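*Asks:*
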Amino acid sequence: MNGYRTISWTQALAEMGVILRLDPKEAEQMLDAACEAEPTRCRRCGADRLYNLSGGRLRCAKCRYSFYKFTGRWLGRHRLPAKVWLAAIKAFELGLGGQSVAEVCELSLPTAAELEKTIQMSIAALDPAWIETIKACDAGANIPRRFAASPKGAAFQVRPVGAADEAVVEMPEDSPEPMRAFRAGVRRWSKLPADRFALKLKEWEVRSTYPGSLFELALRALVRYTPPGVSERKGGVSSVLHHPKHHRRRGAATVSAAPAARPARAGGLVAA
Ligand SMILES: [Zn+2]
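According to my numbering, the residues represented by the sequence shown are 178 to 449, in order.
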């Protein structure tokens, strides 16, 4: 697959193993370090003079508002141990499907799907042309079904165009190679619900065209603040089940070894 990172089973397991062997504190430090790219500010007044409270909360020195360090960031949408987050990001980079993410990260399938959606949305949000679509995907209404894909240098880009009765992606007949693979994917994804379809298109664009590490890109995207109009929290039973405290009680070192990693899909060919 052109423009696509293809790695072996062994390498996929080795990469996931590095994450799984992290000390929970180390994992937290990795997330904290990533957050420095987008310094924490008060969620109410925007001030940056904050002090630490117990339990990982912060308080604004100006307006006294208190909140968690990830509140308002994409990361803050799911209250999960740092190590689970990192494992989920690695699984995303490796192109493992939701089922594998659920197994590797010991999450329910709906939570794994929500996590994947949050990662996809955070990455799409790096592109200003996608902000309205992200809001629609979050709200579950008015999600574009018509998109246009056009060559951009040796790669391509996908833009939302508007409503349609069914999934449509306009693209030139005579497309360069990365777009031909994309075209094949579109046929498979067109059966997905509207939000998954839209986000899958953008994910594929990024996977096919981003030259650097997808893990680092996703981490950088996830520590950013969500655009106004996107919900800050994804509640629900599945998130509650995986509250850090709950995890400790279950004695799970949050993540276990990864028999779930499937080599055939390690190249990232996720058919949803
Ligand atoms: Zn404040």
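Built from N, CA and C at the ideal position, the CB exists for glycine as well. Every value quoted in this text rests on a predicted model; they were computed, and no experiment measured them.
Run through DSSP, which three-state label would residue 192 get?
*Replies:* As a first step, residue 192 must be located in the sequence shown, where it is residue number 15. Correct three-state label for residue 192: helix.
*Asks:* Output the distance between the C-alpha atoms of residue 311 and residue 297, rounded to the nearest integer angstrom.
*Replies:* Taking the first residue of the sequence shown as 1, we reach residue 311 at position 134. Taking the first residue of the sequence shown as 1, we reach residue 297 at position 120. Whole-angstrom Cα-Cα distance: 9 Å.
*Asks:* With respect to 8 Å, is the separation between the Cβ of residue 237 and the closest non-hydrogen atom of ligand 1 below this value?
*Replies:* The residue you call residue 237 lines up with position 60 of the sequence shown. Yes, Cβ of residue 237 sits closer than 8 Å to a heavy atom of ligand 1.
*Asks:* Span of the beta strand (DSSP E) holding residue 235?
*Replies:* As a working note, residue 235 is residue 58 in the sequence shown. Residue 235 -> beta strand (DSSP E) spans 234-237.
*Asks:* Cβ of residue 254 versus every heavy atom of ligand 1: is any distance shorter than 8 Å?
*Replies:* Mapped onto the sequence shown, residue 254 falls at position 77. Because no heavy atom of ligand 1 lies under 8 Å away, the Cβ of residue 254 does not count as near it: no.
*Asks:* Taking only the alpha-carbon atoms, compute the straight-line gap between residue 369 and residue 376 and give it to the nearest angstrom.
*Replies:* Walking along the sequence shown from the start, residue 369 turns up at place 192. Walking along the sequence shown from the start, residue 376 turns up at place 199. If you take the alpha carbons of residue 369 and residue 376, they lie about 10 Å apart.
*Asks:* Where do the ends of the alpha helix (DSSP H) carrying residue 392 lie?
*Replies:* Counting from one through the sequence shown, the residue named residue 392 turns up at place 215. Run containing residue 392: 391-399, per the alpha helix (DSSP H) assignment.
*Asks:* Might you give, ordered along the chain, the residues of its own chain that have their beta carbon closer than 8 Å to the beta carbon of residue 199, omitting 5 neighbours on each side?
*Replies:* By one-based count along the sequence shown, residue 199 stands at place 22. Taken in chain order, the residues that qualify are 207, 260 and 263.
*Asks:* Closest by CA to residue 189, which one among 225, 254, 271 and 265?
*Replies:* In the sequence shown, residue 189 corresponds to position 12, counting from 1. For the residues 225, 254, 271 and 265, the minimum Cα distance to residue 189 belongs to 271.
*Asks:* Out of curiosity, what's the CA-to-CA distance linking residue 283 and residue 356?
*Replies:* Numbered from its first residue, the sequence shown carries residue 283 at position 106. Numbered from its first residue, the sequence shown carries residue 356 at position 179. Going from the Cα of residue 283 to the Cα of residue 356 covers about 35 Å.
*Asks:* Please say whether residue 315 and residue 231 have beta carbons closer to each other than 9 Å?
*Replies:* Within the sequence shown, the letter at position 54 stands for residue 231. Within the sequence shown, the letter at position 138 stands for residue 315. No; because the gap between Cβ atoms is not below 9 Å, this pair is not in contact.
*Asks:* Does the beta-carbon of residue 242, which I'm using as the reference point, lie nearer than 8 Å to any heavy atom of ligand 1?
*Replies:* One-based indexing of the sequence shown puts residue 242 at position 65. Answer for residue 242: yes, Cβ within range of ligand 1.
*Asks:* So what does DSSP say about residue 328, is it helix, strand or coil?
*Replies:* Here residue 328 refers to the residue found at position 151 when the sequence shown is read from its first residue. Strand.
*Asks:* Could you pull the start and end residues of the alpha helix (DSSP H) that residue 385 belongs to?
*Replies:* Taking the first residue of the sequence shown as 1, we reach residue 385 at position 208. From DSSP, the alpha helix (DSSP H) with residue 385 extends over 371-386.
*Asks:* Taking residue 205 as part of the alpha helix (DSSP H), name the residues at either end of that continuous run.
*Replies:* Taking the first residue of the sequence shown as 1, we reach residue 205 at position 28. Residues 201-212.
*Asks:* Does the distance between the C-beta of residue 249 and the nearest non-hydrogen atom of ligand 1 fall short of 8 Å?
*Replies:* Working through the sequence shown from its first residue, we reach residue 249 at position 72. No, the beta carbon of residue 249 sits no closer than 8 Å to any heavy atom of ligand 1.
*Asks:* Determine the contact status of residue 346 and residue 325, defining contact as a CB-CB distance below 9 Å.
*Replies:* The residue you call residue 346 lines up with position 169 of the sequence shown. The residue you call residue 325 lines up with position 148 of the sequence shown. Against a cut-off of 9 Å, the Cβ pair of residue 325 and residue 346 comes out as a contact.
*Asks:* Using the beta-carbon count (16 or more within 10 Å), is residue 185 buried or exposed?
*Replies:* Here residue 185 corresponds to residue number 8 of the sequence shown, with the count starting at 1. It counts as exposed.
*Asks:* Assuming residue 335 contacts residue 323 (C-beta within less than 8 Å), just tell me the rounded distance between them.
*Replies:* For the purposes of this step, residue 335 is taken as residue 158 along the sequence shown, with counting starting at 1. For the purposes of this step, residue 323 is taken as residue 146 along the sequence shown, with counting starting at 1. In fact, because the Cβ distance is near 11 Å, the residues do not count as touching under 8 Å.
*Asks:* Under a three-way DSSP split, which group does residue 339 fall into?
*Replies:* Residue mapping note: residue 339 aligns to position 162 of the sequence shown, counting from 1. Three-state result, residue 339: strand.
*Asks:* Bridge partners for residue 347 per DSSP, in chain order?
*Replies:* By 1-based counting over the sequence shown, the position of residue 347 is 170. Answer by DSSP bridge pairing, in chain order: 325.
*Asks:* Reducing DSSP to helix, strand and coil, say where residue 247 ends up.
*Replies:* Your numbering for residue 247 matches position 70 in the sequence shown. Coil.
*Asks:* Consult DSSP for residue 273 and reduce its assignment to one of helix, strand or coil.
*Replies:* For this step, residue 273 is matched to residue 96 along the sequence shown. Coil.
*Asks:* Measuring CB to CB, does residue 288 end up less than 9 Å from residue 254?
*Replies:* Here residue 288 refers to the residue found at position 111 of the sequence shown. Here residue 254 refers to the residue found at position 77 of the sequence shown. In this structure, residue 254 does not lie closer than 9 Å to residue 288 by Cβ.
*Asks:* Ligand 1 and residue 221: does any heavy atom of the ligand fall closer than 8 Å to the residue's C-beta?
*Replies:* Position 44 of the sequence shown holds residue 221. In this structure, the C-beta of residue 221 approaches ligand 1 to less than 8 Å from one of its heavy atoms.
*Asks:* Report the CB separation of residue 170 from residue 256 in whole angstroms; it is logged as a contact under 8 Å.
*Replies:* With the chain covering 178 to 449 only, the question about residue 170 has no answer from this structure.
*Asks:* Do residue 210 and residue 300 have their C-beta atoms within less than 9 Å of each other?
*Replies:* Walking along the sequence shown from the start, residue 210 turns up at place 33. Walking along the sequence shown from the start, residue 300 turns up at place 123. No, Cβ-Cβ distance for residue 210 and residue 300 is not below 9 Å.
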